[in-house]
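*Asks:* I have a structure I would like to understand better, so I am pasting it below and will then ask my questions one at a time.
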Amino acid sequence: MKRSSVLLLLAGAVLIAAGVLREEHVTVLHKGVNLCLECVGIG
Amino acid sequence: MAREKRSGGRWKIQLLATLACNPFLSNFFKGKLYRGPLKGVCVPGLNCYSCPAAAASCPIGSLQAVVGAPQYQVSYYVVGILIFLGALLGRGICGFLCPFGWFQELLHKLPTRKYSTRRLHGLTYLKYGVLVVFVILLPMTVVNEVGLGDPFFCKYLCPAGILEGGLPLSLANESIRASLGTLFTWKSCLLVGVVVLAVFFYRPFCKWLCPLGAFYALFNKHALCRLSVDQDRCTACGACSRACGMDVDVFRSPNHTECIRCGDCIRACPHQAIRRTPDLRATHKKELSR
Ligand code: SF4
Ligand code: SF4
Numbered sequence: 000m001k002r003s004s005v006l007l008l009l010a011g012a013v014l015i016a017a018g019v020l021r022e023e024h025v026t027v028l029h030k031g032v033n034l035c036l037e038c039v040g041i042g
Numbered sequence: 000m001a002r003e004k005r006s007g008g009r010w011k012i013q014l015l016a017t018l019a020c021n022p023f024l025s026n027f028f029k030g031k032l033y034r035g036p037l038k039g040v041c042v043p044g045l046n047c048y049s050c051p052a053a054a055a056s057c058p059i060g061s062l063q064a065v066v067g068a069p070q071y072q073v074s075y076y077v078v079g080i081l082i083f084l085g086a087l088l089g090r091g092i093c094g095f096l097c098p099f100g101w102f103q104e105l106l107h108k109l110p111t112r113k114y115s116t117r118r119l120h121g122l123t124y125l126k127y128g129v130l131v132v133f134v135i136l137l138p139m140t141v142v143n144e145v146g147l148g149d150p151f152f153c154k155y156l157c158p159a160g161i162l163e164g165g166l167p168l169s170l171a172n173e174s175i176r177a178s179l180g181t182l183f184t185w186k187s188c189l190l191v192g193v194v195v196l197a198v199f200f201y202r203p204f205c206k207w208l209c210p211l212g213a214f215y216a217l218f219n220k221h222a223l224c225r226l227s228v229d230q231d232r233c234t235a236c237g238a239c240s241r242a243c244g245m246d247v248d249v250f251r252s253p254n255h256t257e258c259i260r261c262g263d264c265i266r267a268c269p270h271q272a273i274r275r276t277p278d279l280r281a282t283h284k285k286e287l288s289r
């Protein structure tokens with residue numbers, strides 16, 4: 000297995016954990032459950 | 000059967016991935032969104048969270064939402080998810096798991112004359128600009144009075160939002176239909192442009208504009224799933240490069256940033272010189288022969 004892939008996988012996992020600790024996933028959830036006016040072209 | 004052999008049955012995985020990202024099909028008729036906890040995670044491909052059937056969130060929309068939020072400005076969570084997926088599969092995500100990539104491939108199957116994009120190679124760098132400017136810099140820096148940034152890519156450039164969210168919701172929901180204006184017209188024109196281009200060129204949005212493809216492209220050389228060329232078998236005949244819809248010179252650079260791991264080159268090589276690493280089939284065969 001390539002060393003750079005393993006390091007990147009680890010870095011990704013650490014960043015996800017750090018983001019969850021900062022509760023970023025809650026912002027993602029709120030954005031996802033409400034209609035995004037920009038996405039659908041209302042503005 | 001010949002067609003299935005040429006695509007290696009990849010369409011079955013693309014279909015499954017599209018359904019897995021969008022399982023709530025009845026919401027199309029109700030004109031409403033799924034609002035459960037799965038929306039706190041991101042899917043690997045470009046799939047709008049304002050699609051009524053969507054089960055989880057779009058990574059590019061989520062990234063803009065977090066960097067545009069005054070309490071964060073950078074997103075460890077979404078970037079972490081993208082790095083993890085990129086290190087695992089690179090742009091294999093584009094080739095197998097992205098609904099919008101598959102949509103363009105289906106359009107390209109329409110029986111018309113097809114045109115090469117090799118001479119337009121310079122345009123492939125545009126998508127990195129879209130990633131940096133529209134997904135990161137503008138949402139982070141252009142903010143309103145409470146410090147919130149607009150999702151500039153979603154708002155002005157994303158054709159997936161209008162295809163999966165804007166169009167079905169406006170058909171099913173009268174109040175949404177009543178609120179549509181210039182922005183909807185602009186984004187619809189953009190979608191029509193992408194659709195027409197995709198009929199004649201292979202995956203134009205993926206090649207030139209997609210910020211998610213740009214992000215994963217950075218990981219192609221380091222991803223666990225890669226291609227390798229056996230130099231003892233390769234005669235440099237170029238059959239692989241001619242078969243590649245993404246304009247990769249496969250025998251020279253098998254892990255080029257544009258490669259979406261579709262495997263067309265593997266099937267086109269008359270000397271079986273290209274293979275995937277890790278080669279799951281070889282491992283499986285070895286285990287069986289033990
Ligand atoms: S480039 Fe973008 S739209 Fe195309 S397959 Fe990849 S993520 Fe999907
Ligand atoms: S290099 Fe091969 S696997 Fe990659 S996009 Fe081209 S044909 Fe597909």
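The listed protein sequences correspond, in order, to chains A and B. Using numbering that gives the first Met the number 0, you'd call the opening residue of the first sequence number 0 and step up by one each time. Using numbering that gives the first Met the number 0, you'd call the opening residue of the second sequence number 0 and step up by one each time. By construction, the Cβ of each residue, glycine as well, lies at the ideal position given by its N, Cα and C atoms.
1. Along the beta strand (DSSP E) that carries residue 275(B), what are the first and last residues, could you check?
2. On the criterion of 16 or more Cβ atoms from any shown chain inside 10 Å, does residue 231(B) qualify as buried, or is it exposed?
3. Taking only the alpha-carbon atoms, compute the straight-line gap between residue 135(B) and residue 69(B) and give it to the nearest angstrom.
4. Use the C-beta contact count for residue 78(A): other C-beta atoms within 10 angstroms, 16 or more gives buried, fewer gives exposed.
5. In whole angstroms, give me the CA-to-CA distance for residue 226(B) and residue 165(B).
6. Count the other CB atoms, across all protein chains shown, that sit within 10 Å of the CB of residue 289(B); report buried if there are 16 or more and exposed otherwise.
7. With respect to the beta strand (DSSP E) encompassing residue 227(B), which residues constitute its N-terminal and C-terminal limits?
8. I need the straight-line Cα distance from residue 21(A) to residue 75(B), nearest angstrom please.
9. Looking at residue 226(B) and ligand 2, is the gap between the Cβ and the nearest heavy atom below 7 Å?
10. How would you list, in chain order, the residues of chain A whose beta-carbon sits under 7 Å from the beta-carbon of residue 19(B)?
11. Evaluate residue 15(A) with the Cβ neighbour count: other Cβ atoms within 10 Å of its Cβ, from every protein chain shown; 16 or more gives buried, anything less gives exposed.
12. Any idea if residue 271(B) is buried or exposed, counting beta-carbon neighbours within 10 angstroms, 16 or more meaning buried?
13. Measuring alpha carbon to alpha carbon, tell me which residue in 162(B), 130(B) and 255(B) is nearest residue 38(A).
14. Provide the residue span of the alpha helix (DSSP H) that contains residue 161(B), from first to last.
15. Under 7 Å: does the beta carbon of residue 242(B) sit that close to some heavy atom of ligand 2?
16. Using the three-state DSSP reduction, which class does residue 33(A) fall into: helix, strand or coil?
17. Who are the near neighbours of residue 284(B) in its chain, counting only those whose CB is closer than 7 Å to its CB and skipping five residues on each side?
18. What are the residues that DSSP puts in a beta bridge with residue 41(B)?
19. Can a CB atom of chain A be found closer than 8 Å to the CB of residue 221(B)?
20. With 16 as the cutoff for other CB atoms within 10 Å, does residue 143(B) come out buried or exposed?
21. Is there contact between the segment 22-34 of chain B and the segment 50-62 of chain B, where contact requires at least three CB pairs shorter than 8 Å?
22. In terms of DSSP beta bridges, what is residue 142(B) paired with?
*Replies:* Taking the structure as given:
1. Position 276 of the second sequence, counted from the start, is the residue given in the question as residue 275(B). Looking at the DSSP string, the run of the beta strand (DSSP E) that includes residue 275(B) is 273-276.
2. To locate residue 231(B), count along the second sequence from 1; it is residue 232. Per the 10 Å Cβ criterion, exposed.
3. As a first step, residue 135(B) must be located in the second sequence, where it is residue number 136. As a first step, residue 69(B) must be located in the second sequence, where it is residue number 70. Going from the Cα of residue 135(B) to the Cα of residue 69(B) covers about 14 Å.
4. Outside the shown range of chain A (0 to 42) lies residue 78(A), about which nothing can therefore be said.
5. Locating residue 226(B) in the second sequence gives position 227, where the first residue counts as 1. Locating residue 165(B) in the second sequence gives position 166, where the first residue counts as 1. Those two C-alpha atoms are separated by around 38 Å.
6. Here residue 289(B) is taken as the residue at index 290 of the second sequence, counted from 1. Summary for residue 289(B): the model assigns pLDDT 43, below 50, so the residue's position carries little reliability; its value from the coordinates is reported in the next sentence. Exposed, since its Cβ has fewer than 16 Cβ neighbours within 10 Å.
7. Position 228 of the second sequence holds residue 227(B). Per DSSP, residue 227(B) belongs to the beta strand (DSSP E) from 225-228.
8. Position 22 of the first sequence holds residue 21(A). Position 76 of the second sequence holds residue 75(B). When rounded, the distance between both Cα atoms is 9 Å.
9. Counting from one through the second sequence, the residue named residue 226(B) turns up at place 227. Yes, ligand 2 has a heavy atom inside 7 Å of this Cβ.
10. The residue given as residue 19(B) occupies position 20 in the second sequence. In chain order: nothing, as chain A lies at least about 16 Å away.
11. Translated into positions along the first sequence, residue 15(A) becomes position 16. That one is buried.
12. As a working mapping, residue 271(B) is identified with position 272 in the second sequence. Per the 10 Å Cβ criterion, exposed.
13. Your numbering for residue 38(A) matches position 39 in the first sequence. Comparing Cα positions, the closest option is 162(B).
14. Against the second sequence, residue 161(B) aligns to sequence position 162. It is not in any alpha helix (DSSP H) - residue 161(B) carries neither H nor E in the DSSP assignment.
15. The sequence position of residue 242(B) within the second sequence is 243, counting from 1. Under cutoff, so the answer is yes.
16. In the first sequence, counting from the first residue as 1, residue 33(A) sits at position 34. Of the three classes helix, strand and coil, the one that applies to residue 33(A) here is coil, per DSSP.
17. Locating residue 284(B) in the second sequence gives position 285, counting from the first residue. Note that residue 284(B) scores a pLDDT of 47, beneath 50, so its modelled location is shaky and nothing firm can be said.
18. The residue labelled residue 41(B) in the question sits at position 42 within the second sequence. According to DSSP, residue 41(B) bridges with 56(B).
19. The residue given as residue 221(B) occupies position 222 in the second sequence. Answer yes: the Cβ-Cβ gap between residue 221(B) and chain A drops below 8 Å somewhere.
20. The count along the second sequence starts at 1 and reaches residue 143(B) at position 144. The residue in question, residue 143(B), is exposed, as its Cβ has fewer than 16 Cβ neighbours within 10 Å.
21. yes
22. Against the second sequence, residue 142(B) aligns to sequence position 143. Residue 142(B) is bridged to 148(B).
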